[in-house]
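J.:
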Amino acid sequence: MIAMLFACISLNGFSQEKLKSDGEIPVITYGGVPEGTVERYREMKEAGIDICWAWTSIADAPKALDNAHKAGVKLLLSSGELKTDVENAVKSVMNHPALAGYVLADEPPTGEFKSLSEWVKKIQAVDSKHFCYINLLPNYATFHQLGMGDKELYGVPSYREYLEVFVREVPVTVLSFDHYPVIEEEGALRLREQWYANLEDIRSVSQKHGLPFWAYTLSVAHRIYPVPTVAELRLQMYSNLAYGAQALQYFAYSGAGYEDYHHSPVSYGKRTEVYDRIKLVNHEIKALSGVFLNSKVAGVWHTGKFTPSPWVTARLQEENPPAMPPVKLLHTEGEGAVVSLLEKGNSHFLVIVNRDFQQPMKLTLAVDDSVKKILKDGTVVPANIYASTMEVEPGDAVIYTW
0 MIAMLFACIS LNGFSQEKLK SDGEIPVITY GGVPEGTVER YREMKEAGID ICWAWTSIAD
60 APKALDNAHK AGVKLLLSSG ELKTDVENAV KSVMNHPALA GYVLADEPPT GEFKSLSEWV
120 KKIQAVDSKH FCYINLLPNY ATFHQLGMGD KELYGVPSYR EYLEVFVREV PVTVLSFDHY
180 PVIEEEGALR LREQWYANLE DIRSVSQKHG LPFWAYTLSV AHRIYPVPTV AELRLQMYSN
240 LAYGAQALQY FAYSGAGYED YHHSPVSYGK RTEVYDRIKL VNHEIKALSG VFLNSKVAGV
300 WHTGKFTPSP WVTARLQEEN PPAMPPVKLL HTEGEGAVVS LLEKGNSHFL VIVNRDFQQP
360 MKLTLAVDDS VKKILKDGTV VPANIYASTM EVEPGDAVIY TW
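Numbering (numbering that gives the first Met the number 0), first residue to last: 0 to 401.
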């Protein structure tokens, strides 16, 4: 009987087909390994992190790079000498196999774009192989933070224009931004209302200029930000991917000693419960890299009780949704979902993310027999072996393909 059962499963192909991928979604972290030892970098790699910010002098950089390389981690270098002695600093590290790139700035206002542009050009004149990394502000930054206080001087009337001015003035090869949407106010957790508007703006500018974008997820509790749960991590990661992110970033890996930061993945040399949570989510996403890596976003929509940022996000047509011929009905109950259609060659991927990080979402999906479901381990099975109505866990995503 058991042999017949396994033969049946094999014949139906439920366990045979696997998602194909030509690589993995990179995972990056801000806040690295203060000790800089090989063991600590291996611990980071085990958590599914590939690239780490490293603040170091150029004199100490070779040792940090050597240790990271032994653990299979690459470093984004941040050093004062990269600005004061560009040529010598770059030449001293540019040929190391563990070098990922150079960190120039975090959350700069528009007033710094000109000097950043000159700095990027100086580095690229010496090393055109590695990229220069600049992380941008979120759309909840104040006008003063964005550099919009003097509009006549900077000419920036909106957050979208902040992005446009950056792309026009600074010759980068990737867009990066941070936005931490899960906050706690008066004892209640909620999402920042403008988060999806931020993703819409980033996606639009990214597509317009042909630049991939990278997005952050919060992994350290402080001030109004709670200790991140698996559901909160998934919601941020899968929403970023649904909008087209090509690399995922954490703030921060080791947060001890900064303001009131606590419960970072590693704190004062010890793992917290958040370490295991990011490890779970990272390895889950890496198994799904074939869905997201190098895919193009054909469209993003929202369902549910409300459309976040209704002036910029679109509601999904539930019956026979556009650009999805095999989908006859896509209906959600509760707060709703992010619905993304990704394309890669002749493959289409439908990603449905439960926008509620506290409650499960009921999803009803009616599709034809050409549609398959992608499981979390990358296994691909016929969608019709599942019921048409099911629950999606808080913050989680379900993925289909045809």
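We put the CB at the ideal spot given by N, CA and C, even for glycine.
A quick note: this is a predicted structure, and the numbers were derived from the prediction, not measured.
Since I believe C131 is in contact with Q123 (beta carbons under 8 Å), could you give me their beta-carbon distance rounded to a whole number of angstroms?
T.: 7 Å
J.: If we call anything under 9 Å between Cβ atoms a contact, is Y237 one with V338?
T.: no
J.: By Cβ distance below 7 Å, which residues in the same chain neighbour S294 in space, the five residues on each side in sequence not counted?
T.: Taken in chain order, the residues that qualify are L341, E342, K343 and F348.
J.: Tell me the rounded alpha-carbon separation between S203 and T302.
T.: 20 Å
J.: Contact check, A214 vs N239 under 8 Å by CB: the rounded distance?
T.: 4 Å
J.: Spatial neighbours of A63 within its chain, please: CB distance less than 6 Å, with the 5 preceding and 5 following residues excluded, ordered by chain position.
T.: G35, A53 and T55
J.: Based on DSSP bridge pairs, tell me the residues matched to E106.
T.: Note: E106 sits in no beta bridge, so no partner.
J.: Reducing DSSP to helix, strand and coil, say where S266 ends up.
T.: strand
J.: List the endpoints of the continuous alpha helix (DSSP H) containing Y161.
T.: DSSP places Y161 in the uninterrupted alpha helix (DSSP H) bounded by Y158 to E168.
J.: Which residue comes first and which comes last in the beta strand (DSSP E) that contains G333?
T.: Careful: G333 lies outside any beta strand (DSSP E) and carries neither H nor E.
J.: With V366 as the anchor, note down where its beta strand (DSSP E) starts and where it stops.
T.: Counting along the chain, V366 sits inside the beta strand (DSSP E) bounded by residues M360 to V366.
J.: What residues are listed by DSSP as bridge partners for H240?
T.: In the sequence as presented, His is not what sits at residue 240; that position holds Leu. Answer is none; L240 lacks a bridge partner.
J.: Under the three-state reduction of DSSP, which class applies to T43: helix, strand or coil?
T.: Just to set this straight, residue 43 is Met in the shown sequence, not Thr. It is helical.
J.: Quick check: R233 and A396, are their CB atoms within less than 9 Å of each other?
T.: Contact: yes.
J.: Assuming A365 and L328 are in contact, meaning their beta carbons sit under 8 Å apart, how far apart are those beta carbons, in whole angstroms?
T.: About 4 Å separates the two Cβ atoms, so the contact holds.
J.: According to DSSP, is E470 part of a helix, a strand, or is it coil?
T.: Since the first and last residues shown for the chain are 0 and 401, residue 470 lies out of range.
J.: State the DSSP-derived secondary structure class of R191, mapped to helix, strand or coil.
T.: coil
J.: Who pairs with L75 in a beta bridge, going by DSSP?
T.: W52 and G100
J.: Taking contact to mean at least 3 C-beta pairs separated by less than 8 Å, is the segment 317-331 in contact with the segment 269-283?
T.: no
J.: In this structure, does DSSP put W401 in helix, strand or coil?
T.: coil
J.: Count the other CB atoms, across all protein chains shown, that sit within 10 Å of the CB of G31; report buried if there are 16 or more and exposed otherwise.
T.: It is buried - the Cβ of G31 has at least 16 other Cβ atoms within 10 Å.
J.: Let me know the secondary structure DSSP gives T83 once reduced to three states.
T.: helix
J.: Under 8 Å: does the beta carbon of L341 sit that close to some heavy atom of the ligand PLP?
T.: Here there are no bound small molecules, and the ligand PLP is not part of this structure.
J.: Please identify the residue among T216, S218, I201 and L217 whose C-alpha is closest to the C-alpha of L210.
T.: Comparing C-alpha distances from L210 to each of T216, S218, I201 and L217 shows the shortest one belongs to I201.
J.: In its own chain, which residues sit with a C-beta less than 8 Å from the C-beta of Q358, not counting the 5 before and 5 after it?
T.: G333, E334 and P393
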